[in-house]
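Reading the sequence shown from the start, the letters are residues 693 to 830 in my numbering.
First up is the structure itself, then whatever we jot down about it.
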Amino acid sequence: MNILFFILPKEKTHFIYDTYTLRQALEKMENSGFTSLPIINKEGEYVATITEGDILRYVKNKSDLSLKSAEKTRISDVEIKRDNKCIKVYSDIEDLIEVSLDQNFVPVIDDMNHFIGIVTRKSILSYFMDLYVKEKIK
């Protein structure tokens, strides 16, 4: 099975650029309703995934952080604790499932490390649930 079946393309995905400020990242999370977002660079390459927890740890350790300083703090200054894995677009379904066991979504990249979208754990589970229900009905 091709993982492109599951992919939510970049154009429909919420992400941030590595040049964003801390405030911009927080606003993007707030507006999207997501607690983690992929980070890409200006060349479109996947860099990492940042979480609210990463930001909270940064804020906790910077006791003098204000809204003004959050506008000057680059998201690249925030330490990312967890290494969310990405997969290549030609990966097989087994690789996708294995990575999705530990992540809410899996970033998908092409051969040049360009971010092309994500696969959510929900979309994988929904697919297999539909298969299960169809088998049960037979």
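All residues carry an ideal CB built from backbone N, CA and C; glycine is no exception.
Query: Per DSSP, what kind of secondary structure is Glu786 in: helix, strand or coil?; Result: helix
Query: Compare the Cα-Cα distances from Asn694 to each of Ile785, Leu793, Ile816 and report the closest residue.; Result: Ile785
Query: Does Phe707 come out as helix, strand or coil in the three-state DSSP assignment?; Result: coil
Query: Exposed or buried, what is Asn776 when buried is set at 16 or more other beta-carbons lying within 10 Å of its beta-carbon?; Result: buried
Query: With distances taken from CA atoms, which of Gly736, Leu817, Tyr750, Ile829 is nearest Phe797?; Result: Leu817
Query: Using 8 Å as the Cβ pair cut-off and three pairs as the minimum, do the stretch 729 to 739 and the stretch 749 to 763 touch?; Result: no
Query: Should Val800 go down as buried or exposed, given a rule of 16 or more other Cβ atoms within 10 Å for buried?; Result: buried
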